[in-house]
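Colleague: Sharing a structure with you now.
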Amino acid sequence: MDLTIHQNCPSCGAQIELSEADRLILCPYCEVRNFMVTRGPLRFVLPDKAPDHIDRSEMFYAPYLRFKGNIFYCKGKYLKYKVVDTTRQGISASALPPSLGLRPQAMPVFLVTNEVAGIFLRQTVKAITLLEKAAHLMVIDSDTIKAPFYHRAYIGETVSCIYLPLYIDNGVLYDAVTNTLLARGGSVEKMREIGSAYRENWTPHFLATLCPRCGDSLTGEHDSLVLSCYNCHSSWEEKQGGFHALDWNCVVSDHKQIYYLPFWKLRVRSTGVEMDTFADLLRITNQPLVIQKKHKEMELDFWIPAFKLRPSTFLRLGKNMTLSQAKIPEGEESMVKRMHPVTLPRKEAIQALKSILAEAALNKRKLLPLLPEMSMHPLATELTYLPFFDKGHDFVQEQTGIALAKSVLRFGRKL
Ligand SMILES: [Zn+2]
Ligand SMILES: [Zn+2]
Numbered sequence: 380m381d382l383t384i385h386q387n388c389p390s391c392g393a394q395i396e397l398s399e400a401d402r403l404i405l406c407p408y409c410e411v412r413n414f415m416v417t418r419g420p421l422r423f424v425l426p427d428k429a430p431d432h433i434d435r436s437e438m439f440y441a442p443y444l445r446f447k448g449n450i451f452y453c454k455g456k457y458l459k460y461k462v463v464d465t466t467r468q469g470i471s472a473s474a475l476p477p478s479l480g481l482r483p484q485a486m487p488v489f490l491v492t493n494e495v496a497g498i499f500l501r502q503t504v505k506a507i508t509l510l511e512k513a514a515h516l517m518v519i520d521s522d523t524i525k526a527p528f529y530h531r532a533y534i535g536e537t538v539s540c541i542y543l544p545l546y547i548d549n550g551v552l553y554d555a556v557t558n559t560l561l562a563r564g565g566s567v568e569k570m571r572e573i574g575s576a577y578r579e580n581w582t583p584h585f586l587a588t589l590c591p592r593c594g595d596s597l598t599g600e601h602d603s604l605v606l607s608c609y610n611c612h613s614s615w616e617e618k619q620g621g622f623h624a625l626d627w628n629c630v631v632s633d634h635k636q637i638y639y640l641p642f643w644k645l646r647v648r649s650t651g652v653e654m655d656t657f658a659d660l661l662r663i664t665n666q667p668l669v670i671q672k673k674h675k676e677m678e679l680d681f682w683i684p685a686f687k688l689r690p691s692t693f694l695r696l697g698k699n700m701t702l703s704q705a706k707i708p709e710g711e712e713s714m715v716k717r718m719h720p721v722t723l724p725r726k727e728a729i730q731a732l733k734s735i736l737a738e739a740a741l742n743k744r745k746l747l748p749l750l751p752e753m754s755m756h757p758l759a760t761e762l763t764y765l766p767f768f769d770k771g772h773d774f775v776q777e778q779t780g781i782a783l784a785k786s787v788l789r790f791g792r793k794l
């Protein structure tokens, strides 16, 4: 489930409401667009109802880590996945509730800014530990499969930190959201001593959405990670606080009623188990076709959806597009209308490579044990928009005939 975030417009200061995946923020009051740049996980605080006699500087905040995403894993001859949405203590403290329960979904959260006075307790549990725990639980869950474990990847992930506001009144620790008593005694005082005040690099900053090349305004949707300039036909992603041009193209269709979906086209080399050409991919995954000279001359590209999807659809679409790549013509740097936003970052597409390879394997018993020794390196990345016919309930890819239900796309925007 998505968080609702209250945030002040960086241009006019009005309070606006966002959802967790939003990056391009259009203020309904001043109509200025700003692109949110984060350094590390977003940090939120739950709204509190601490009594008036508690000085704001006496408040303190306990970190909870929130993870939302998919874990893909390979075990025995199976490629499986699990959708995870969990919030856990980011600090070991028995006095605190182990989880925030449904509270982050039931109330708006606020981005931590310099206006939040008080002390933030130090996060001592690493986000990766939380992920490993979730993955481990899942492996235990699937204990019925008594087989070796070969690979796992976290994809489509959001990791954020949500602070639970607390205060101490007459030596008693209270949860400031509900004003309920949590513990007595002085141990919590010690926790507060090792906390720190707000740090400036916690707050996202904002970029004006102007094309660095031509100065025209960049466009995108609220959850777009890549912005487009329709004036000079360029694509931009944020990196280290600035916009950087992306290698991109679009396979422009002559037909009407076309919708364009973005894919990360990753040129890959694999070591450990050698995979250099498209023919190698066909051979390693045991595709039922005769490998020809033209396959041996083709580069090896993986076509990974650049937008969030349910895990099963994500794997299937990535596999089908990768295996059908010979049918896709070269694109051009030409902006079109009706382009789906990029919502899955390139680094997650890279993490998905082995899972897509596993999905493509017809003989999983043979391929999956090779995964640990394989190392897949992306040599180059291009963002490619492919044309899909709008056929009522489905989108159908023009060159390959690969279909995708529209409902799946709508669902993906909420992941
Ligand atoms: Zn504004
Ligand atoms: Zn431009």
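Each residue of the sequence shown is one higher than the last, beginning at 380 in our numbering.
Built from N, CA and C at the ideal position, the CB exists for glycine as well.
Measuring from each Cβ to the nearest heavy atom of ligand 2, keep the ones under 6 angstroms and list them in chain order.
Modeller: 590, 592, 593, 595, 608, 610, 611 and 613
Colleague: At which residue ranges does the segment 669-709 contain complete beta strand (DSSP E) runs of 3 or more residues, listed in the order of the chain?
Modeller: Listed in chain order, they are 680-684.
Colleague: So what's residue 713 in DSSP terms, helix, strand or just coil?
Modeller: The count along the sequence shown starts at 1 and reaches residue 713 at position 334. Note: residue 713 maps to coil in three-state DSSP.
Colleague: For the beta strand (DSSP E) that residue 531 lies in, which residues bound it at each end?
Modeller: Along the sequence shown, read from residue 1 onward, the residue named residue 531 stands at position 152. Segment 528-548, the beta strand (DSSP E) holding residue 531.
Colleague: Strictly under 8 angstroms for the Cβ-Cβ distance: is residue 427 near chain D by that measure?
Modeller: Among the protein chains of the structure shown there is no chain D, as only one such chain exists.
Colleague: Quick one: any contact between the segment 592-610 and the segment 399-411, if contact means 3 or more CB pairs under 8 angstroms?
Modeller: When Cβ pairs closer than 8 angstroms are counted between the two stretches, the segment 592-610 is seen to touch the segment 399-411, the count reaching three or more.
Colleague: Would the beta-carbon of residue 408 be found less than 7 angstroms away from any heavy atom of ligand 1?
Modeller: The sequence position of residue 408 within the sequence shown is 29, counting from 1. Yes - ligand 1 has a heavy atom lying nearer than 7 angstroms to the Cβ of residue 408.
Colleague: Taking just the CA atoms, how far does residue 450 sit from residue 512?
Modeller: Here residue 512 corresponds to residue number 133 of the sequence shown, with the count starting at 1. Here residue 450 corresponds to residue number 71 of the sequence shown, with the count starting at 1. Between residue 512 and residue 450, the C-alpha separation is close to 12 angstroms.
Colleague: Counting along the chain, where does the beta strand (DSSP E) carrying residue 606 start and finish?
Modeller: Here residue 606 is taken as the residue at index 227 of the sequence shown, counted from 1. For residue 606, the enclosing beta strand (DSSP E) covers residues 605-608.
Colleague: Could you check if residue 786 belongs to the surroundings of ligand 4, using beta carbon to heavy atom distance under 7 angstroms?
Modeller: Here the bound small molecules are ligand 1 and ligand 2; ligand 4 is not part of this structure.
Colleague: Give me the Cβ distance between residue 476 and residue 383, rounded to the nearest whole Å; I'm assuming they're in contact under 8 angstroms.
Modeller: As a first step, residue 476 must be located in the sequence shown, where it is residue number 97. As a first step, residue 383 must be located in the sequence shown, where it is residue number 4. Their Cβ separation, rounded to whole angstroms, is 21 angstroms, which puts residue 476 and residue 383 out of contact at 8 angstroms.
Colleague: Use the C-beta contact count for residue 630: other C-beta atoms within 10 angstroms, 16 or more gives buried, fewer gives exposed.
Modeller: Translated into positions along the sequence shown, residue 630 becomes position 251. With 16 or more other Cβ atoms within 10 Å, it is buried.
Colleague: Considering just the uninterrupted stretch of the beta strand (DSSP E) at residue 738, what are its terminal residues?
Modeller: As a position in the sequence shown, residue 738 is number 359, starting the count at 1. Here residue 738 belongs to no beta strand (DSSP E); instead the alpha helix (DSSP H) covers 732-739.
Colleague: If we count the other Cβ atoms within 10 Å of its Cβ and call it buried at 16 or more, is residue 727 buried or exposed?
Modeller: Position 348 of the sequence shown, counted from the start, is the residue given in the question as residue 727. That one is buried.
Colleague: To the nearest angstrom, how far is it from the Cα of residue 473 to the Cα of residue 538?
Modeller: Position 94 of the sequence shown, counting from 1, holds the residue named residue 473. Position 159 of the sequence shown, counting from 1, holds the residue named residue 538. C-alpha separation (whole angstroms): 23 angstroms.
Colleague: For residue 391, which residues from the same chain have a beta carbon less than 8 angstroms from its beta carbon, with the 5 sequence-adjacent residues on both sides left out?
Modeller: Walking along the sequence shown from the start, residue 391 turns up at place 12. Excluding residues within five positions, the ones whose Cβ falls inside 8 angstroms are 406, 408, 409 and 411.
Colleague: On a CA-only basis, which of 753, 672 and 759 is nearest residue 680? Give me that one, please.
Modeller: Position 301 of the sequence shown holds residue 680. Per the Cα distances, 759.
Colleague: Give me whichever residues DSSP pairs with residue 448 in a beta bridge.
Modeller: Position 69 of the sequence shown, counted from the start, is the residue given in the question as residue 448. In DSSP, residue 448 forms a bridge with 463.
Colleague: Which runs of the alpha helix (DSSP H) fall wholly inside the segment 559-587 and span at least 4 residues, in chain order?
Modeller: 566-572
Colleague: Checking 8 angstroms against the spacing of the C-beta atoms, do residue 494 and residue 652 come in under that value?
Modeller: In the sequence shown, residue 494 corresponds to position 115, counting from 1. In the sequence shown, residue 652 corresponds to position 273, counting from 1. Taking C-beta atoms as the reference points, residue 494 and residue 652 fail to come closer than 8 angstroms.
Colleague: Out of curiosity, what's the CA-to-CA distance linking residue 425 and residue 389?
Modeller: Looking up residue 425 in the sequence shown gives position 46. Looking up residue 389 in the sequence shown gives position 10. Going from the Cα of residue 425 to the Cα of residue 389 covers about 21 angstroms.
Colleague: What does the alpha-carbon distance come out to for the pair residue 744 and residue 456?
Modeller: Along the sequence shown, read from residue 1 onward, the residue named residue 744 stands at position 365. Along the sequence shown, read from residue 1 onward, the residue named residue 456 stands at position 77. The straight-line gap from Cα to Cα measures roughly 4 angstroms.
Colleague: Under 7 angstroms from any heavy atom of ligand 1, does the C-beta of residue 393 make it?
Modeller: Within the sequence shown, numbered from 1, the residue matching residue 393 stands at position 14. Yes, ligand 1 has a heavy atom inside 7 angstroms of this Cβ.
Colleague: Should residue 540 be listed as close to ligand 1, given that the test is whether its C-beta is under 7 angstroms from any heavy atom?
Modeller: As a position in the sequence shown, residue 540 is number 161, starting the count at 1. No, the beta carbon of residue 540 sits no closer than 7 angstroms to any heavy atom of ligand 1.
Colleague: Take the Cβ of residue 578 as the centre, count every other Cβ of all protein chains shown within 10 Å, and call the residue buried at 16 or more, exposed below.
Modeller: Taking the sequence shown and counting its residues from 1, one reaches residue 578 at position 199. Residue environment analysis places residue 578 among the exposed positions, since fewer than 16 neighbouring C-beta atoms fall within 10 angstroms of its C-beta.
Colleague: Going by Cα to Cα distance, which pick from 546, 485, 453 and 536 is closest to residue 432?
Modeller: To locate residue 432, count along the sequence shown from 1; it is residue 53. Ranking the options by Cα distance to residue 432, first place goes to 546.
Colleague: Just checking my contact of residue 530 with residue 706 at CB under 8 angstroms: how many whole Å lie between their CB atoms?
Modeller: Your numbering for residue 530 matches position 151 in the sequence shown. Your numbering for residue 706 matches position 327 in the sequence shown. Actually they do not touch by this definition, with Cβ atoms about 29 angstroms apart.
Colleague: Just to check my reading of the structure: residue 677 and residue 657 have Cβ atoms closer than 8 angstroms, yes? What is that Cβ distance to the nearest angstrom?
Modeller: To locate residue 677, count along the sequence shown from 1; it is residue 298. To locate residue 657, count along the sequence shown from 1; it is residue 278. That belief holds up - the Cβ atoms of residue 677 and residue 657 are roughly 4 angstroms apart, short of 8 angstroms.
Colleague: Taking residue 708 as the reference, give the member of 498, 533, 779 and 605 with the closest Cα.
Modeller: Position 329 of the sequence shown, counted from the first residue, corresponds to residue 708. Considering only alpha carbons, the answer is 779.
Colleague: Please state if the CB of residue 736 and the CB of residue 664 are separated by a distance shorter than 8 angstroms.
Modeller: The residue given as residue 664 occupies position 285 in the sequence shown. The residue given as residue 736 occupies position 357 in the sequence shown. Yes, the Cβ-Cβ distance between residue 664 and residue 736 is below 8 angstroms.
Colleague: Can you list, in chain order, the residues of its chain with a C-beta nearer than 8 angstroms to that of residue 756? Leave out the 5 residues immediately preceding and following it.
Modeller: One-based indexing of the sequence shown puts residue 756 at position 377. Here the set comprises 647, 648, 649 and 650.
Colleague: Leaving out five residues on either side along the sequence, give the residues of the same chain with a beta carbon under 8 angstroms from the beta carbon of residue 769.
Modeller: Counting from 1 along the sequence shown, the entry for residue 769 is found at position 390. Taken in chain order, the residues that qualify are 636, 637 and 638.
Colleague: Considering just the uninterrupted stretch of the beta strand (DSSP E) at residue 644, what are its terminal residues?
Modeller: Your numbering for residue 644 matches position 265 in the sequence shown. First-last of the beta strand (DSSP E) with residue 644: 637-650.
Colleague: Assess, as a yes-or-no matter, whether the segment 695-702 is touched by the segment 503-511 under the definition of 3 or more beta carbon pairs within less than 8 angstroms.
Modeller: no
Colleague: Whole angstroms are fine: how far does the CA of residue 434 sit from the CA of residue 446?
Modeller: In the sequence shown, counting from the first residue as 1, residue 446 sits at position 67. In the sequence shown, counting from the first residue as 1, residue 434 sits at position 55. Approximately 32 angstroms between the Cα atoms of the pair.
Colleague: From this set, 501, 683 and 641, which residue's C-alpha is nearest residue 576's C-alpha?
Modeller: For the purposes of this step, residue 576 is taken as the residue at position 197 of the sequence shown. Residue 501 is the option with its Cα nearest to residue 576.
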